[in-house]
Amino acid sequence: MNFVRFISGAFLLLMAGVLSAAELPVQNYHNARVIFESNAETDEYVLALGSYKKIAGSWRVDRQQRLSGTLARYTLELPEGHSASNGFDFYLDQLQNFNFRELFHCKSRDCGTSNSWANNHFKLQMLYGLDQFQQYGAYEVTTADEKPFYVALYAVQRGNKRVYVQLDVLHVDKIIELGIASSPESIIKSLETNGYYVFPDLVAEDAQGSTNIQIKQAHLQALIDALTQKVDWRLALVGHDYAPVPLAQQQKDSLLYAAQLKAALQEKGIVAARITTYGIGSLAPAGRGDRSARVEVVKVND
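Numbers -21 to -1, 1 to 281, taken from mature numbering (1 follows the signal peptide of the UniProt record, and there is no 0), label the letters of the sequence shown in order.
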């Protein structure tokens, strides 16, 4: 396999079998056979953000986003005895090493029919397998490049026990102005599993030099939908700031970021008593990644 240009040559020499996934380094599954691969520009990639459901007599995803950019596609057959979950988790674990956000995830029959994913969505008949042994996820990966990567990952077991994994990695050629929101279910899962959710699209300074956060309505509404499902949850909004200024100023600015998000939630009907705000400046560098600032939504346990 060709090595990618995204990370340094010295590090690449340590990594055998790296898929050249639109310059995002992805380690290949050990002993997997690459059935199909391509790398090309596209102006019409459909990123599925929901399950396949029967709508007006035909199977369709209930939520999707059309994107353009450089698309790398890989179809792999796993070694005998390896499950669809093994393959899916292998690639998902690698994505979690980056600044990573789950947009949507489904498993088994909750995804709809495997036939729809194979023939309607990916248009690869070999991906048609057993509905109960399938898994799909859509993810956003951000790097130092301002344009993110979007990853679609699908794994399935066929009736003959063969297991296939489909990996699509798209490096977009333009910023999605409205943002691509995580599903409310993905936000809830992050809060339940990790205890926190990083609110996307943080901007530390506007054109006038004022500190604020850019709150895209798609992300705000997804968080509101999650909170509407979990009416008994209380949250802490924790602001972080890594600007080269004294800690006191970082803490002041980061508290402002958290307060701005709280105000936006209140305007949409979320009760203020459910939310507390904190500003800790640069005191929690873990998880910073390439961000200069961020707000974390933290689930508060009573």
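Where is the CB? At the ideal position from N, CA and C, for every residue including glycine.
According to DSSP, residues forming a beta bridge with residue i
i      : result
GLN43  : ALA27
HIS219 : ARG273
Where residue i sits in the DSSP three-state scheme
i       : result
LEU82   : strand
GLY66   : helix
HIS75   : In the sequence as displayed, the identity of residue 75 is Gln instead of His. Correct three-state label for GLN75: coil.
LEU137  : A small fix is needed here, since residue 137 is Arg in this sequence, not Leu. Coil at ARG137, not helix or strand.
SER37   : strand
TYR115  : strand
THR256  : strand
LEU(-9) : Only weak support is given to the placement of LEU(-9): the predicted model assigns it a pLDDT of 30, under 50, and the value that follows is read from those uncertain coordinates. Here LEU(-9) sits in coil by DSSP.
LEU106  : helix
THR49   : strand
Residue i versus residue j - alpha carbon distance
i           : j      : result
THR92       : PHE69  : 23 Å
HIS198      : TYR8   : 33 Å
residue 282 : VAL120 : For residue 282 there is no data in the structure shown, the boundaries of the chain being -21 and 281.
TYR115      : LYS86  : 6 Å
ILE259      : ILE166 : 23 Å
PRO264      : ASN65  : 32 Å
LEU28       : GLN245 : 27 Å
ASP22       : ASP41  : 21 Å
LYS33       : ALA201 : 23 Å
LEU146      : VAL130 : 7 Å
TRP96       : GLY36  : 17 Å
LEU226      : ASN280 : 28 Å
Cβ shell of residue i (< 7 Å), same chain only, five flanking positions each side left out
i     : result
VAL13 : TYR53 and LEU55
Neighbourhood of residue i by C-beta, 6 Å cutoff - its chain only, sequence neighbours within 5 removed
i      : result
TYR236 : ILE192, GLY218 and VAL274
LEU170 : TYR176 and LYS278
Nearest-angstrom beta carbon gap, residue j and residue i [assumed within contact, 8 Å]
i     : j      : result
GLY48 : LEU149 : 5 Å
Chain-order list of residues whose beta-carbon lies under 8 Å from that of residue i (same chain, five-residue window excluded)
i      : result
ALA243 : ILE194 and LEU199
CB contact check: residue i to chain D, cutoff 8 Å
i     : result
ASN18 : Note that chain D does not occur in the displayed structure, where there is just one protein chain.
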